[in-house]
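Colleague: Respectively, the protein sequence lines represent chains F and L. Read in order, the letters of the first sequence correspond to residues 208 to 403 in this note's numbering. Read in order, the letters of the second sequence correspond to residues 208 to 403 in this note's numbering. My questions will all concern the structure given below.
Protein chains: 2
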Amino acid sequence: MKPGPGRPRSVECDRAIHDAALTEYADRGFDGMSVDAVAARAGVSKATIYRRYPSKVDLVISAAYVVAEELAPKPDTGALRGDLVTSTKSLANLMNHSVLGRTMRQVVADAGRHPDLAEMHEGFVKMRRQGTFAAFDRAIARGELPPDIDQELAADLLAGPLFYRHMVRRLPVDDAYAEQVVDAFLAVYATVPSTR
Amino acid sequence: MKPGPGRPRSVECDRAIHDAALTEYADRGFDGMSVDAVAARAGVSKATIYRRYPSKVDLVISAAYVVAEELAPKPDTGALRGDLVTSTKSLANLMNHSVLGRTMRQVVADAGRHPDLAEMHEGFVKMRRQGTFAAFDRAIARGELPPDIDQELAADLLAGPLFYRHMVRRLPVDDAYAEQVVDAFLAVYATVPSTR
DNA sequence: CAAAAACGGTACGGGACGGTATCGTATCGA
DNA sequence: TCGATACGATACCGTCCCGTACCGTTTTTG
Numbered sequence: 208m209k210p211g212p213g214r215p216r217s218v219e220c221d222r223a224i225h226d227a228a229l230t231e232y233a234d235r236g237f238d239g240m241s242v243d244a245v246a247a248r249a250g251v252s253k254a255t256i257y258r259r260y261p262s263k264v265d266l267v268i269s270a271a272y273v274v275a276e277e278l279a280p281k282p283d284t285g286a287l288r289g290d291l292v293t294s295t296k297s298l299a300n301l302m303n304h305s306v307l308g309r310t311m312r313q314v315v316a317d318a319g320r321h322p323d324l325a326e327m328h329e330g331f332v333k334m335r336r337q338g339t340f341a342a343f344d345r346a347i348a349r350g351e352l353p354p355d356i357d358q359e360l361a362a363d364l365l366a367g368p369l370f371y372r373h374m375v376r377r378l379p380v381d382d383a384y385a386e387q388v389v390d391a392f393l394a395v396y397a398t399v400p401s402t403r
Numbered sequence: 208m209k210p211g212p213g214r215p216r217s218v219e220c221d222r223a224i225h226d227a228a229l230t231e232y233a234d235r236g237f238d239g240m241s242v243d244a245v246a247a248r249a250g251v252s253k254a255t256i257y258r259r260y261p262s263k264v265d266l267v268i269s270a271a272y273v274v275a276e277e278l279a280p281k282p283d284t285g286a287l288r289g290d291l292v293t294s295t296k297s298l299a300n301l302m303n304h305s306v307l308g309r310t311m312r313q314v315v316a317d318a319g320r321h322p323d324l325a326e327m328h329e330g331f332v333k334m335r336r337q338g339t340f341a342a343f344d345r346a347i348a349r350g351e352l353p354p355d356i357d358q359e360l361a362a363d364l365l366a367g368p369l370f371y372r373h374m375v376r377r378l379p380v381d382d383a384y385a386e387q388v389v390d391a392f393l394a395v396y397a398t399v400p401s402t403r
């Protein structure tokens, strides 16, 4: 904003630190990662990190919120199946991402120990769910879904199999699998035959 | 088996060590837990632990296989819905168990770092799935399920929402939720209306 | 009673980590 | 040019941990 006197912070360092922190977190988890390793991977001195963030948890949370900006899909294809397929495939892409996919598995464990990480994780999940609920509302308005469905359960039925396959079974989640899950979901709820 | 000369191992210590190891693992994960903390919680000297297990990973795996004996539900109620409801509720009970529920969240992260833990985890999942597949086969023989269903996907649809709710959303999984998931599953696959 | 093994307690070596501090150099605005 | 700040490198402190070793004591078998 207002660069005071003195040498300004290097944006290359900012990005290198964020990337390295996320990679280290994905590899070793919060307690297992080390700030020294982040500094080494980023090609940066440890003092450069602690000049930006007062502690390790602030570093990780800041890095996570940077990637959150790049996410947030808002699909509106005009039909329920299209909306669900695109949003489900985008979730599958996150899981297949080498860093983010492992990060998801780590945060599930770390959230029980670090309230800051738990809060961040809850925010991500809530953001994703609100997109799903919005798609449900549009489908209800179109008559594609009955208006009294349990949207909480419905969202679980959509996302659950993907997370289960990625985190528990540790198998790849491809687009075909995402479509199969969506079609199973539509078999439960859809009031009109979905076009495919 | 054949107690040679000398003082025999204390079975109370065996059990105390297993319980303490599982609790510490559930609290802090494999890399975060410490053998000293296990010894203190078990009221046992650290030498008593290392006399039994050559390393920390052997301790944890041995403790995990002890609880595995107590699991392994084999429901056969004579009807598909009964089988699925009982096995799904038993999974929900595992998640609600204060130690095992947290253990499940930890092992998802630790399996990426420790092949021994990954192998153990995979064995547990496979054991559970085989019970589900057996229930599917019985249902197919009865005509309750079409014989050509994708059993892998079907098992994911059943277990996925429970794991998602427990691990990602961090909400309790009660029996009513388990039944809702089973009924949604039956709405997809069941060839005859399920009795409820 | 004697040998053998387990036990609690303790100490140690070797290493890793978070966070702080310091030093000389580099890069900005005025 | 000068003051102010960032940077890399390094050292440091206090803490923790795995695994081993040793002590004296206790419990079992023969």
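Backbone N, C-alpha and C fix where the C-beta goes; we use that ideal spot for every residue, glycine too.
When DSSP labels each residue in this structure, what does residue 285 of chain L get in the three-state scheme?
Modeller: In the second sequence, the residue the question calls residue 285 of chain L occupies position 78. Here residue 285 of chain L sits in coil by DSSP.
Colleague: For residue 310 of chain F and residue 232 of chain F, what's the separation of their Cα atoms in angstroms?
Modeller: Your numbering for residue 310 of chain F matches position 103 in the first sequence. Your numbering for residue 232 of chain F matches position 25 in the first sequence. Spanning the alpha carbons of residue 310 of chain F and residue 232 of chain F requires a straight line of approximately 7 Å.
Colleague: Residues of chain L with CB closer than 7 Å to the CB of residue 366 of chain F, please, in chain order.
Modeller: Looking up residue 366 of chain F in the first sequence gives position 159. In chain order: 371.
Colleague: For residue 262 of chain L, report the span of its alpha helix (DSSP H) as first-last.
Modeller: Locating residue 262 of chain L in the second sequence gives position 55, counting from the first residue. For residue 262 of chain L, there is no enclosing alpha helix (DSSP H), as DSSP marks it with neither H nor E.
Colleague: List the endpoints of the continuous alpha helix (DSSP H) containing residue 225 of chain L.
Modeller: For the purposes of this step, residue 225 of chain L is taken as the residue at position 18 of the second sequence. Where residue 225 of chain L is concerned, the enclosing alpha helix (DSSP H) stretches over 218–239.
Colleague: If I measure Cβ to Cβ from residue 280 of chain L and keep anything under 8 Å in the same chain, skipping five residues before and after, which residues do I get?
Modeller: For this step, residue 280 of chain L is matched to residue 73 along the second sequence. Taken in chain order, the residues that qualify are 293, 294, 297 and 338.
Colleague: How would you write the range of the alpha helix (DSSP H) that residue 393 of chain L sits in, first residue to last?
Modeller: Translated into positions along the second sequence, residue 393 of chain L becomes position 186. Residues 382–396.
Colleague: Which residue from F/390, F/371 and F/213 puts its Cα closest to that of residue 291 of chain F?
Modeller: Locating residue 291 of chain F in the first sequence gives position 84, counting from the first residue. Here the closest residue by C-alpha is F/390.
Colleague: Check the Cβ of residue 375 of chain F against every Cβ in chain L and list those closer than 7 Å, keeping chain order.
Modeller: To locate residue 375 of chain F, count along the first sequence from 1; it is residue 168. Ordered by position in chain L, the residues that pass the 7 Å Cβ test against residue 375 of chain F are 315, 332 and 370.
Colleague: Quick check on DSSP: helix, strand or coil for residue 291 of chain F?
Modeller: For the purposes of this step, residue 291 of chain F is identified with residue 84 of the first sequence, where counting begins at 1. DSSP places residue 291 of chain F in helix when its eight states are reduced to three.
Colleague: Pick from F/385, F/353, F/386 and F/332: whose alpha carbon is nearest that of residue 397 of chain F?
Modeller: Start at 1 with the first residue of the first sequence, and residue 397 of chain F comes out as number 190. Scanning F/385, F/353, F/386 and F/332 for the CA closest to the CA of residue 397 of chain F turns up F/353.
Colleague: Nearest to residue 267 of chain F by CA position, among F/370, F/219 and F/242, is which residue?
Modeller: Reading the first sequence from its first residue, position 60 is the one you call residue 267 of chain F. Looking at the Cα atoms, F/242 is the closest of the given residues.
Colleague: State the CB to CB distance for the pair residue 315 of chain F and residue 374 of chain L, rounded to an integer number of angstroms; the pair is presumed to be in contact (CB under 8 Å).
Modeller: Here residue 315 of chain F refers to the residue found at position 108 of the first sequence. Here residue 374 of chain L refers to the residue found at position 167 of the second sequence. Confirmed, Cβ separation roughly 5 Å.
Colleague: For residue 304 of chain F versus residue 318 of chain F, is the C-beta distance shorter than 7 Å?
Modeller: For the purposes of this step, residue 304 of chain F is taken as the residue at position 97 of the first sequence. For the purposes of this step, residue 318 of chain F is taken as the residue at position 111 of the first sequence. Note that the C-beta distance between residue 304 of chain F and residue 318 of chain F is not below 7 Å.
Colleague: Rounding to the nearest angstrom, what Cα-Cα distance links residue 234 of chain F and residue 224 of chain L in this structure?
Modeller: Position 27 of the first sequence, counted from the first residue, corresponds to residue 234 of chain F. Position 17 of the second sequence, counted from the first residue, corresponds to residue 224 of chain L. Rounded to whole angstroms, residue 234 of chain F to residue 224 of chain L spans 29 Å at the Cα level.
Colleague: Specify, as a first and last residue, the run of the alpha helix (DSSP H) that residue 347 of chain F falls within.
Modeller: The sequence position of residue 347 of chain F within the first sequence is 140, counting from 1. Start and end: 322–349.
Colleague: For residue 272 of chain L, count neighbouring Cβ atoms within 10 angstroms of its own Cβ and tell me buried if that reaches 16, exposed if not.
Modeller: For the purposes of this step, residue 272 of chain L is taken as residue 65 along the second sequence, with counting starting at 1. So residue 272 of chain L ends up on the exposed side.
Colleague: Kindly list, in the order they appear in chain L, the residues whose Cβ is closer than 9 Å to that of residue 238 of chain F.
Modeller: Taking the first sequence and counting its residues from 1, one reaches residue 238 of chain F at position 31. Within 9 Å Cβ-Cβ: 235, 236, 238 and 239.
Colleague: Check whether the region 342–362 of chain F touches the region 342–357 of chain L, counting contact only when three or more Cβ pairs, one atom from each stretch, lie closer than 8 Å.
Modeller: no
Colleague: Anything in chain F within Cβ reach of residue 363 of chain L, meaning under 7 Å, just list it in chain order.
Modeller: For the purposes of this step, residue 363 of chain L is taken as the residue at position 156 of the second sequence. Within chain F, the residues near residue 363 of chain L are 368, 371 and 372.
Colleague: Report the CB separation of residue 307 of chain L from residue 346 of chain L in whole angstroms; it is logged as a contact under 8 Å.
Modeller: Residue mapping note: residue 307 of chain L aligns to position 100 of the second sequence, counting from 1. Residue mapping note: residue 346 of chain L aligns to position 139 of the second sequence, counting from 1. The pair is not a contact, with the Cβ atoms about 28 Å apart (cut-off 8 Å).
Colleague: Let me know if residue 240 of chain L comes out buried or exposed under the rule of 16 or more other beta-carbons within 10 Å of its beta-carbon.
Modeller: Counting from 1 along the second sequence, the entry for residue 240 of chain L is found at position 33. With 16 or more other Cβ atoms within 10 Å, it is buried.
Colleague: Measure from the C-beta of residue 307 of chain L to each C-beta in chain F and report whether the shortest distance is under 7 Å.
Modeller: Residue mapping note: residue 307 of chain L aligns to position 100 of the second sequence, counting from 1. No, because no Cβ of chain F sits closer than 7 Å to the Cβ of residue 307 of chain L.
Colleague: When the cut-off is 7 Å and only beta carbons count, does residue 360 of chain L lie next to chain F?
Modeller: Position 153 of the second sequence, counted from the first residue, corresponds to residue 360 of chain L. Output row for residue 360 of chain L: interface = yes.
Colleague: Could you spell out where the alpha helix (DSSP H) holding residue 305 of chain L opens and where it closes?
Modeller: Counting from one through the second sequence, the residue named residue 305 of chain L turns up at place 98. Counting along the chain, the alpha helix (DSSP H) containing residue 305 of chain L begins and ends at 305–317.
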